[in-house]
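Undergrad:
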Amino acid sequence: MPPYLIGLSTGLILAVSTGPVFLTLIQKSIDHGYKKALFFVLGVGIADTGIIAVTWFGMTKVTGDTANPWMVLAGGLLLISFGLVFLIKKENSEELEIETPIKKKNFAHVGLLGQGFMLGAINPIVWAFWAAMSNYAIVTFTSPRGELFYFFGILSTVWLTDSLKAYYAEKLKKYLSPKVKRYLRMTIGIVLIAFGLKLLIQEGIAYL
103 MPPYLIGLST
113 GLILAVSTGP
123 VFLTLIQKSI
133 DHGYKKALFF
143 VLGVGIADTG
153 IIAVTWFGMT
163 KVTGDTANPW
173 MVLAGGLLLI
183 SFGLVFLIKK
193 ENSEELEIET
203 PIKKKNFAHV
213 GLLGQGFMLG
223 AINPIVWAFW
233 AAMSNYAIVT
243 FTSPRGELFY
253 FFGILSTVWL
263 TDSLKAYYAE
273 KLKKYLSPKV
283 KRYLRMTIGI
293 VLIAFGLKLL
303 IQEGIAYL
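Remember, my numbering sits 102 above the position in the sequence shown when you count from 1.
1) Cutting at 8 Å between CB atoms, please list the residues of its own chain near Ile290, excluding the five before and the five after it.
2) Are at least three pairs of beta-carbons, each pair with one atom in the segment 106-114 and one in the segment 246-261, less than 8 Å apart?
3) Could you give the DSSP three-state label for Ile290: helix, strand or coil?
4) Grab me the residues of Glu197's own chain with a C-beta within less than 7 Å of its C-beta, minus the 5 sequence neighbours each way, in chain order.
5) Between Asn237 and Val293, what straight-line distance do the alpha-carbon atoms span, to the nearest angstrom?
6) Looking only at its own chain, which residues have a Cβ that is under 6 Å from the Cβ of Ile182, when we skip the five neighbours before and after it?
7) Express the C-alpha separation of Lys137 and Pro122 in angstroms, rounding to a whole number.
8) From the DSSP output, in three-state form, read off Thr202 for me.
9) Determine the DSSP secondary structure at Phe243, reduced to helix, strand or coil.
10) Determine the direct distance from the alpha carbon of Leu180 to that of Phe219, and round the result to whole angstroms.
11) What is the residue span of the alpha helix (DSSP H) that Gly109 lies within?
12) Between Phe141 and the rest of its own chain, which residues show a CB-CB distance below 6 Å, the 5 nearest in sequence each way excluded?
13) Using C-beta distances below 7 Å, list every residue in its chain close to Glu272, excluding the 5 sequence neighbours before and after it, in chain order.
14) Can you tell me the Cβ-Cβ gap for Thr157 and Trp232, rounded? I've got them flagged as a contact below 8 Å.
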């Protein structure tokens, strides 16, 4: 399967996540409207892109653009660990809101963009997730071109689904019961564990 299509499917992991970014996006869309909420989405997207660049570039500088057994082991275990966290961690019942006064119309767009960027950039879980994805890309694909298309596929899914979340914010909020959130977390956890096991088994056999 082409790296871009694999990236599109991988992006669904983030698309169904109900973490702080998702909850804040829903609230911002309800408070400020769909069009302004898109600036929040843009801010998150810029943060994700920057983190991908840093983690991917850092790993290729340290290890080169080729996989080794230790990278395979570390990447597989990291993905499995993430999956277990999603399965075990309990949902925080309180929604995360960033209270920043946005009263002047001229600054509303910039303020929302900045909030989206900061929410993505300061979250250590986001950094760890993209580091795991960077590791997975280097191990799985054979060229920087394939890795870039993989990341572009992920970001395409995330940007599209985040925009849809902002548009349907009112409807989505009604269906986000604790039970639904739990099922979504379990799904994400199982998928991440499957990614990790696939990495360990498929790539690990190549080094035997």
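All C-beta atoms, glycine included, are put in the ideal place defined by N, C-alpha and C.
TA: In short:
1) Reading the sequence shown from its first residue, position 188 is the one you call residue 290. Spatial neighbours of Ile290 in its own chain (CB-CB distance under 8 Å, excluding positions within 5 residues in sequence) are listed in chain order as Ile115, Val118, Ser119, Gly185, Phe188.
2) With the rule of 3 Cβ pairs closer than 8 Å, the segment 106-114 counts as touching the segment 246-261.
3) Position 188 of the sequence shown holds residue 290. Ile290: helix per DSSP, three-state reduction.
4) On the sequence shown, residue 197 is found 95 positions in, with the first residue counted as 1. Annotation note: pLDDT 44 at Glu197 (below 50); position unreliable, coordinate value reported separately. Excluding residues within five positions, the ones whose Cβ falls inside 7 Å are Leu125, Gln129.
5) Residue mapping note: residue 237 aligns to position 135 of the sequence shown, counting from 1. Residue mapping note: residue 293 aligns to position 191 of the sequence shown, counting from 1. The alpha-carbon atoms of Asn237 and Val293 are separated by roughly 17 Å.
6) Taking the sequence shown and counting its residues from 1, the one referred to as residue 182 is at position 80. Excluding five sequence positions before and after Ile182, the CB atoms of its chain that fall closer than 6 Å to its own CB belong to Ile295, Gly298, given in chain order.
7) Residue mapping note: residue 122 aligns to position 20 of the sequence shown, counting from 1. Residue mapping note: residue 137 aligns to position 35 of the sequence shown, counting from 1. Using only the alpha carbons, I get a separation of about 20 Å.
8) Position 100 of the sequence shown, counted from the first residue, corresponds to residue 202. With a pLDDT of only 44 at Thr202, under 50, the local geometry of the prediction cannot be trusted, and no value is derived from it.
9) Reading the sequence shown from its first residue, position 141 is the one you call residue 243. DSSP places Phe243 in coil when its eight states are reduced to three.
10) Position 117 of the sequence shown, counted from the start, is the residue given in the question as residue 219. Position 78 of the sequence shown, counted from the start, is the residue given in the question as residue 180. Roughly 25 Å between the two C-alpha positions.
11) Numbered from 1 along the sequence shown, position 7 holds the residue referred to as residue 109. Counting along the chain, Gly109 sits inside the alpha helix (DSSP H) bounded by residues 105-117.
12) As a position in the sequence shown, residue 141 is number 39, starting the count at 1. The beta carbon of Phe141 sits closer than 6 Å to the beta carbons of His211, Leu214, Leu215 from its chain, once the five residues preceding and following it are set aside; these are given in chain order.
13) Numbered from 1 along the sequence shown, position 170 holds the residue referred to as residue 272. Apart from the 5 residues on each side of it in sequence, Glu272 sits with its Cβ closer than 7 Å to the Cβ of Ile132 in its chain, given in chain order.
14) Here the question's residue 157 lines up with position 55 in the sequence shown. Here the question's residue 232 lines up with position 130 in the sequence shown. Between the beta-carbon of Thr157 and that of Trp232 there is about 5 Å, and that keeps the pair under the 8 Å contact cut.
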